[in-house]
Amino acid sequence: QLNDTHPSIAVAELMRLLIDDKHLDWDQAWDITCRSLAYTNHTLLPEALEKWGLQLFGSLLPRHLELIYEINRRFLQVVRLKHPGNEALLRKVSIIDEEGSKAVRMANLATVAAHHVNGVAALHSTLVRTKLFPEFAALWPEKFTNVTNGVTPRRWVALSNPHLRELLRESIGEGWVNDLDQLRQLERFQDDGGFLERWEQTKLASKRHLAQYIHRQSGLLVDPASLFDVQVKRIHEYKRQHLNALQVIAHYLRIKNGHAHGMAPRTVIFGGKAAPGYYMAKLIIRFINGIAETVNADPDMDGRLRVVFLPDYNVKLGERVYPASDLSEQISTAGLEASGTGNMKFAMNGALTIGTLDGANVEIREQVGAENFFLFGKTEAEIANLHTEGYRPWELIAGLPELADVLKLVEQGHFSNGDGDLFRPLLQNLTGRDPFFVLADFADYLRVQDVVSRAWSDRQSWNRMSLLNTARTGFFSSDRSIREYAQRIWKAEPFPVAITCNLDS
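Heads up: the sequence shown is residues 543 to 1047, going by our numbering.
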């Protein structure tokens, strides 16, 4: 299984082994290669659709490049026979990019060789077929399929959330650990006030543990009874941590100006890492920390707003975070998140999602019910229309005074110790091109955050929504995902395996 383009050199390597070492003829080797490899695309972003320069490729792997040239020659001949005279199509699907600095298109190589190509969420797989590889999908429609991601409930609930695990054991037994659909049995408790109170207490216990961890690591005291509003994931502009940061500033200003009536007390938690050379992502991290420094030092925010950035975020820390979260921030620009798995871990642990119609959010909303999901933002089609019509973010600011006030405060250096230049590149990015439509979604995001605050104030209703999120996440088990890979792609039947362990040996 070729996961993204990183391992797609395996196509040429397997051909080399079969032809050079095993002395098979081309047709035999190609048949084995195509039946051996499938390709999973995990992102639509160009940065992950690798292109390797011919000069570098040829100097390091001359035989592999020779084989790729031959694969491409034979493939393009097939395309010519199907579409005679269509030179534009040939240039588009060619494994070799002949324009500019010539390169091997590793995604095209994987797609040509693989017996199946899949995305990792329903919307993502549709975009893979219609936007990323439409020419290949037209050539081989039978190759393209979807397998929505999943996460293991053994780690992300049974291990990481012992309080919830115990409540589940008492109420529905232990069968859910290997058959996550059994969580549906929780639905019978959705109107049981006593059970919902116990549900809230299990969440509160996990929040206390995270609050203690935050205090040990940073010295900051956070209130476990506040709404834990959490965004933990890789730092990237399309994931829009800066949109979340802007709404934190908006709420900060509302409190300062006495306009925060009805706003739920919040602890806004961020975590994640940026790629080493990704300047804007690193600036976003500094931006979040600048906001945290200002907010947490302001006595007006006591009991009302806290901001935390968790350093060195990793899987082990995730095991603390997911069980303790009330609100899951899944706010990527619609059409850019392939799937996400954090969104599943949050929902499985009873967090409610505020999110766009992107990646697996679409399926989470379908499974848990639209009434148990806080939807905001433009759709993928609306984003595409903005692209086509011409997006002018600076025009939005004049019509949104709250946004203008937020940006002005940043510009004045309020969150950078008076240094108005520190976040200037971020502001210029947002007010100039705004490539990920942060300002386009700001007003709707803020509106739905107000809906979240109102929902939080009704504890019985919130706990019911939380319970139903957990109860309806059976679809997102990795067991189901692996089963679909076996059935749709690998054509492999389940095989019982007995694991024995002799402790005396």
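All residues carry an ideal CB built from backbone N, CA and C; glycine is no exception.
Query raised in the report: Is the Cβ-Cβ distance between Trp-568 and Glu-612 less than 9 Å?
Result: With a cutoff of 9 Å on beta-carbon distance, Trp-568 and Glu-612 are scored as near each other.
Query raised in the report: Using the C-alpha atoms, what's the distance from Gln-970 back to Gly-819?
Result: 20 Å
Report task. With a 10 Å radius around its C-beta and 16 neighbouring C-beta atoms as the bar for buried, classify Ala-655 as buried or exposed. Result -> buried
Query raised in the report: Any idea what DSSP makes of Leu-1010, helix, strand or coil?
Result: Reduced to three states, the DSSP call for Leu-1010 is helix.
Report task. Select from Asp-868, Ser-550, Ser-760, His-778 the residue whose C-alpha is nearest the C-alpha of Thr-1012. Result -> Asp-868
Requested in this report: May I ask you to report which of helix, strand or coil DSSP gives Gly-692?
Outcome: coil
**Report entry** C-beta atoms of Glu-944 and Leu-981 nearer than 9 Å
**Finding:** no
Report task. Pick helix, strand or coil for Val-699, following the three-state DSSP scheme. Result -> Residue state, collapsed to three classes: helix.
Requested in this report: Run the proximity test for Leu-674: is its beta-carbon closer than 8 Å to any non-hydrogen atom belonging to the ligand ATP?
Outcome: This structure simply doesn't include the ligand ATP, nor any ligand for that matter.
Query raised in the report: Should Leu-769 and Pro-807 be called a contact, given that it needs their Cβ atoms to be closer than 9 Å?
Result: The criterion of a C-beta distance shorter than 9 Å is satisfied by Leu-769 and Pro-807.
Report task. Can you grab the Cα-Cα spacing for the pair Glu-640 / Leu-651, in whole Å? Result -> Between Glu-640 and Leu-651, the alpha-carbon positions lie close to 15 Å from each other.
Report task. Label Arg-848 either buried or exposed according to how many other C-beta atoms from any shown protein chain fall within 10 Å of its C-beta, with 16 as the threshold for buried. Result -> buried
Query raised in the report: Could you give the distance in angstroms between the alpha-carbon of Ser-958 and the alpha-carbon of Phe-829?
Result: 8 Å
Query - Val-635 versus Pro-626: straight-line alpha-carbon distance, rounded - result: 14 Å
Requested in this report: Look at the alpha carbon of Asn-914 and the alpha carbon of Tyr-1027, and state the distance between them as a whole number of angstroms.
Outcome: One C-alpha to the other measures close to 29 Å.
Requested in this report: Find out if the Cβ-Cβ distance for the pair His-778, Val-662 is shorter than 9 Å.
Outcome: no
Query raised in the report: DSSP on Trp-682, reduced to helix/strand/coil?
Result: Collapsing the DSSP output to three states places Trp-682 in coil.
Requested in this report: Kindly indicate the opening and closing residues of the alpha helix (DSSP H) around Asn-885.
Outcome: Going by DSSP, Asn-885 is part of the alpha helix (DSSP H) stretching over 884-890.
Query raised in the report: What are the boundary residues of the alpha helix (DSSP H) that includes Asn-903?
Result: 903-910
Query raised in the report: How big is the Cα-Cα spacing for Gly-761 and Thr-668?
Result: 47 Å
**Report entry** Segments of 3+ residues assigned as beta strand (DSSP E) that fall wholly inside the region 735-789
**Finding:** 769-774
Query raised in the report: For the candidate residues Thr-809, Ile-811, Phe-812, His-793, whose alpha-carbon lies nearest to that of His-803?
Result: Here the closest residue by C-alpha is His-793.
Query raised in the report: Can you tell me whether Ile-1041 is buried or exposed, with buried defined as 16 or more other CB within 10 angstroms of its CB?
Result: Burial call: exposed.
Query raised in the report: Okay, do the region 995-1012 and the region 739-755 touch, 3+ Cβ pairs below 8 Å being the bar?
Result: Verdict: yes, contact present.
Query raised in the report: Under 9 Å between the Cβ atoms of Ile-1031 and His-658?
Result: yes
Requested in this report: Tell me where the alpha helix (DSSP H) around Gln-732 begins and ends.
Outcome: Per DSSP, Gln-732 belongs to no alpha helix (DSSP H) and is neither H nor E.
Query raised in the report: Just how far apart, CA to CA, sit His-606 and Val-904?
Result: 40 Å
Query raised in the report: Which whole-angstrom value describes the C-beta separation of Ile-714 and Gln-727, a residue pair presumed to lie in contact below a C-beta threshold of 8 Å?
Result: 4 Å
Query raised in the report: Helix, strand or coil: how does DSSP classify Val-659 here?
Result: Per DSSP, reduced to three states, the secondary structure at Val-659 is strand.
**Report entry** Burial state of Val-993, where buried means 16 or more other Cβ atoms lie within 10 Å
**Finding:** exposed
**Report entry** Of the residues Leu-598, Gly-901, Phe-984, Glu-589, the one placed nearest Gly-941, counting alpha carbons only
**Finding:** The shortest C-alpha separation from Gly-941 is found at Phe-984.
Requested in this report: Output the distance between the C-alpha atoms of Lys-685 and Lys-775, rounded to the nearest integer angstrom.
Outcome: 31 Å
**Report entry** Three-state class that DSSP yields for Ser-1047 in the structure shown
**Finding:** Because Ser-1047 carries a pLDDT of 48, less than 50, the predicted location of this residue cannot be relied on, and the following value inherits that uncertainty. If DSSP states are grouped into helix, strand and coil, Ser-1047 belongs with coil.
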